[in-house]
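A.B. asks: Using full-length UniProt numbering, the letters of the sequence shown correspond one by one to residues 1 to 351. For glycine and all other residues, C-beta sits at the position ideal for the given N, C-alpha and C. Before I ask anything, let me first share the structure, which is written out below as structure tokens.
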Amino acid sequence: MAKKLLVVRNDKIGDFMLAWPALACLKSASPTPHITVLVPAYTAPLASACPWVDEVIIDPGRQADAAAQKALLAEVKAAQFDALLTLFSTPRIGLLGWRAGIPLRVAPATKWAQLFYNARIRQRRSQSAKPEYQYNVDLACELLARLSLKLTALPSPPFWPLSDTQRQRQVLLETTRETNPEADSPIVVVHPGSGGSAVNLSLDQYAALIALINQTTDNVSWLISAGPSEDAHAEALVDQLAQTGITARRLPASQNVADFALQLAGADMLIAGSTGPLHIAGCLNIATAGFYPAKRSATPLRWQTCNSAEKRLAFSPPAVANQQDMAAIDIATAAQEISALLRRGRAGANP
1 MAKKLLVVRN DKIGDFMLAW PALACLKSAS PTPHITVLVP AYTAPLASAC PWVDEVIIDP
61 GRQADAAAQK ALLAEVKAAQ FDALLTLFST PRIGLLGWRA GIPLRVAPAT KWAQLFYNAR
121 IRQRRSQSAK PEYQYNVDLA CELLARLSLK LTALPSPPFW PLSDTQRQRQ VLLETTRETN
181 PEADSPIVVV HPGSGGSAVN LSLDQYAALI ALINQTTDNV SWLISAGPSE DAHAEALVDQ
241 LAQTGITARR LPASQNVADF ALQLAGADML IAGSTGPLHI AGCLNIATAG FYPAKRSATP
301 LRWQTCNSAE KRLAFSPPAV ANQQDMAAID IATAAQEISA LLRRGRAGAN P
């Protein structure tokens with residue numbers, strides 16, 4: 001009988017997307033385990049779309065009442081999992097696994113929450129010595145070893161493989177056709193919002209970046225995306241670009257974050273801060289240009305996207321600047337590197 005595994009990453013969208021390489025590792029093992037994830041409601045559409053996930057359990061969150069917590073415990077206990085893998089450890093989830101009687105409980109050795117786990121892996125993530133997704137893969141490999149499941153090779157990008165993105169690409173092309181009739185033009189999505197989770201470039205910086213890229217890259221079709229409550233921010237960028245003669249359009253509205261991801265799969269590149277959309281793009285293995293602060297807990301290395309190395313760019317303030325001074329980032333240099341990546345990508349698509 002297949003081993004039943006419960007994997008928990010119940011915080012933000014970007015954090016969950018960086019769990020996909022670990023989920024791919026688990027699902028690629030032999031014998032193939034049954035994978036259930038515990039996620040909050042807002043990441044559930046992504047979890048349901050994940051090719052490495054068999055079932056999804058909704059976490060009501062730590063603010064939920066006692067009845068909701070009791071129902072969650074009953075659901076987890078009834079599933080009779082063989083192992084729990086908590087990628088970000090909290091006392092509530094550790095206690096949940098212990099009370100549910102899950103025999104093997106694996107987590108990073110973090111603070112007092114580790115008391116509820118019987119396999120505690122020391123990682124020292126605060127040192128930011130490797131990408132977050134690699135820390136997650138290390139934990140997944142440790143779990144597989146303890147369950148005597150075999151993994152012959154680590155999975156590689158894309159961690160969200162799509163058999164056919166033509167339909168969604170057509171949606172983007174129809175959106176940009178009036179602006180740019182060139183069917184083969186690069187489609188670039190810019191996400192200027194931060195979702196409140198990270199510092200980002202200012203609208204002036206994004207406008208300057210787009211203008212510089214336009215000078216060296218022909219026929220770029222620009223689409224501006226926005227998260228919840230960020231519509232005004234996105235519209236302001238569209239208006240600011242229009243004042244300089246650059247036409248950008250809003251990314252078509254989507255029903256949920258999974259539909260947004262499928263739209264994004266039709267783009268050639270996403271430009272954004274270190275946010276959920278950036279990491280969705282990484283899983284899809286489209287090109288990314290990310291703007292990061294330089295502080296140790298949020299470095300470009302720690303929060304690196306999980307796309308192929310040749311498809312990702314990262315920019316942050318220089319060492320002489322304040323760690324979160326995004327105004328210190330050299331926009332001209334960033335534009336040059338992004339333009340070069342776009343040209344390489346189009347050349348590769350049209351040999």
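In the structure shown, what three-state DSSP assignment does Gly345 receive?
C.D. replies: What you label residue 345 is simply residue 345 of the sequence shown in a count that begins at 1. Helix, per DSSP.
A.B. asks: Take every Cβ of the segment 3-12, pair it with every Cβ of the segment 37-56, and state whether three or more of those distances are shorter than 8 Å.
C.D. replies: Short answer: they touch.
A.B. asks: Can you give the Cα-Cα distance for Leu115 and Pro317, rounded to whole angstroms?
C.D. replies: Numbered from 1 along the sequence shown, position 115 holds the residue referred to as residue 115. Numbered from 1 along the sequence shown, position 317 holds the residue referred to as residue 317. Straight-line Cα distance between these residues: approximately 39 Å.
A.B. asks: Spatial neighbours of Asn200 within its chain, please: C-beta separation below 6 Å, excluding the five flanking residues on both sides.
C.D. replies: The count along the sequence shown starts at 1 and reaches residue 200 at position 200. So the qualifying residues of the chain are Ser194, Gly273.
A.B. asks: Comparing alpha-carbon positions, which option in Glu235, Gly227, Asp218 lies nearest Ala207?
C.D. replies: The residue labelled residue 207 in the question sits at position 207 within the sequence shown. Closest by alpha carbon: Glu235.
A.B. asks: Which full runs of the beta strand (DSSP E) of 3+ residues lie inside the segment 301-329, going along the chain?
C.D. replies: Listed in chain order, they are 312-315.
A.B. asks: Tell me the rounded alpha-carbon separation between Gln127 and Ser297.
C.D. replies: Residue numbering aside, residue 127 sits at position 127 when the sequence shown is read from its first letter. Residue numbering aside, residue 297 sits at position 297 when the sequence shown is read from its first letter. The straight-line gap from Cα to Cα measures roughly 7 Å.
A.B. asks: Please name the residue, chosen from Leu143, Ala340, Pro91, Ala47, that lies closest to Ala29 on a Cα-to-Cα basis.
C.D. replies: On the sequence shown, residue 29 is found 29 positions in, with the first residue counted as 1. Ranking the options by Cα distance to Ala29, first place goes to Leu143.
A.B. asks: Could you name the residues of the same chain whose beta carbon sits closer than 8 Å to that of Leu151, not counting the 5 residues immediately before and after it, in chain order?
C.D. replies: Mapped onto the sequence shown, residue 151 falls at position 151. Cys25, Ser28, Ala29, Ser30, Cys141, Leu144, listed in sequence order.
A.B. asks: Classify Leu223 as helix, strand or coil using the three-state DSSP reduction.
C.D. replies: Translated into positions along the sequence shown, residue 223 becomes position 223. If DSSP states are grouped into helix, strand and coil, Leu223 belongs with the strands.
A.B. asks: At a cut-off of 7 Å, is Leu251 close to the ligand ZN when judged by its beta-carbon and the heavy atoms of the ligand?
C.D. replies: Absent from the structure shown: the ligand ZN. Ligands present: none.
A.B. asks: What is the C-beta distance between Gly290 and Gly14, in whole angstroms, given that I count them as a contact (C-beta under 8 Å)?
C.D. replies: Along the sequence shown, one-based indexing puts residue 290 at 290. Along the sequence shown, one-based indexing puts residue 14 at 14. Their Cβ separation, rounded to whole angstroms, is 11 Å, which puts Gly290 and Gly14 out of contact at 8 Å.
A.B. asks: Using the Cα positions of Val238 and Ile271, report the straight-line distance between them to the nearest angstrom.
C.D. replies: By one-based count along the sequence shown, residue 238 stands at place 238. By one-based count along the sequence shown, residue 271 stands at place 271. Approximately 15 Å, taken between the alpha carbons.
A.B. asks: Just to confirm, are Leu18 and His279 a CB contact at a threshold of 8 Å?
C.D. replies: Residue mapping note: residue 18 aligns to position 18 of the sequence shown, counting from 1. Residue mapping note: residue 279 aligns to position 279 of the sequence shown, counting from 1. It is a contact, given that the beta carbons lie within the stated cut-off.
A.B. asks: Going by the CB atoms, is the gap between Trp222 and Val188 shorter than 8 Å?
C.D. replies: Position 188 of the sequence shown, counting from 1, holds the residue named residue 188. Position 222 of the sequence shown, counting from 1, holds the residue named residue 222. Yes. Within cutoff.
A.B. asks: Kindly indicate which three-state DSSP category Glu55 falls into: helix, strand or coil?
C.D. replies: In the sequence shown, the residue the question calls residue 55 occupies position 55. Reduced to three states, the DSSP call for Glu55 is strand.
A.B. asks: Please check the pair Arg120 and Ala107, which I expect to be a contact at CB under 8 Å, by giving their CB distance rounded to whole angstroms.
C.D. replies: By 1-based counting over the sequence shown, the position of residue 120 is 120. By 1-based counting over the sequence shown, the position of residue 107 is 107. Arg120 to Ala107, Cβ: 6 Å. Contact.
A.B. asks: Which residue's Cα is closest to the Cα of Ala83: Gln304, Leu96, Gly266?
C.D. replies: Here residue 83 refers to the residue found at position 83 of the sequence shown. Of the candidates Gln304, Leu96, Gly266, the one whose C-alpha sits nearest the C-alpha of Ala83 is Leu96.
A.B. asks: Considering just the uninterrupted stretch of the alpha helix (DSSP H) at Ala234, what are its terminal residues?
C.D. replies: Residue mapping note: residue 234 aligns to position 234 of the sequence shown, counting from 1. 231-243 is the extent of the alpha helix (DSSP H) around Ala234.
A.B. asks: Suppose the cutoff is 6 Å on Cβ atoms and the five residues either side in sequence are ignored; what does the same chain contact list for Thr43 look like?
C.D. replies: Numbered from its first residue, the sequence shown carries residue 43 at position 43. Ile13, Phe16.
A.B. asks: Going by beta carbon distance, what residues of the same chain come within less than 7 Å of Thr110, once the five residues before and after it are set aside?
C.D. replies: As a working mapping, residue 110 is identified with position 110 in the sequence shown. If we look at Thr110 and ignore the five residues flanking it on each side, its Cβ neighbours are Ser89.
A.B. asks: Taking DSSP's pairing of strands, which residues face His191 in a bridge?
C.D. replies: As a first step, residue 191 must be located in the sequence shown, where it is residue number 191. Answer by DSSP bridge pairing, in chain order: Ala272.
A.B. asks: To which residues does DSSP link Thr86 through a beta bridge?
C.D. replies: Translated into the one-based positions of the sequence shown, residue 86 becomes position 86. Within the DSSP secondary-structure output, Thr86 pairs in a beta bridge with Val8.
A.B. asks: Tell whether a beta-carbon distance below 8 Å holds between Leu87 and Asn136.
C.D. replies: In the sequence shown, residue 87 corresponds to position 87, counting from 1. In the sequence shown, residue 136 corresponds to position 136, counting from 1. Between Leu87 and Asn136, the C-beta gap is smaller than 8 Å, which places the two residues in contact.
A.B. asks: Does the Cβ of Met269 have 16 or more other Cβ atoms within 10 Å, making it buried, or fewer, making it exposed?
C.D. replies: On the sequence shown, residue 269 is found 269 positions in, with the first residue counted as 1. Classification for Met269: buried.
A.B. asks: Please tell me whether Pro60 and Asn256 are closer than 8 Å, where the distance is taken between their beta carbons.
C.D. replies: The count along the sequence shown starts at 1 and reaches residue 60 at position 60. The count along the sequence shown starts at 1 and reaches residue 256 at position 256. Contact flag unset, no.
A.B. asks: Please report the distance separating the alpha-carbon of Pro131 from that of Ala113.
C.D. replies: By 1-based counting over the sequence shown, the position of residue 131 is 131. By 1-based counting over the sequence shown, the position of residue 113 is 113. Using only the alpha carbons, I get a separation of about 23 Å.
A.B. asks: Going by the CB atoms, is the gap between Ala79 and Lys4 shorter than 8 Å?
C.D. replies: Numbered from 1 along the sequence shown, position 4 holds the residue referred to as residue 4. Numbered from 1 along the sequence shown, position 79 holds the residue referred to as residue 79. Their beta carbons are under 8 Å apart, which means Lys4 touches Ala79 by this criterion.
A.B. asks: Please state whether the Cβ-Cβ distance between Ser308 and Ile213 is less than 8 Å.
C.D. replies: Looking up residue 308 in the sequence shown gives position 308. Looking up residue 213 in the sequence shown gives position 213. No. Outside cutoff.
A.B. asks: When the distance is taken between beta carbons, is Val190 closer than 8 Å to Ile224?
C.D. replies: Here residue 224 corresponds to residue number 224 of the sequence shown, with the count starting at 1. Here residue 190 corresponds to residue number 190 of the sequence shown, with the count starting at 1. It is a contact, given that the beta carbons lie within the stated cut-off.
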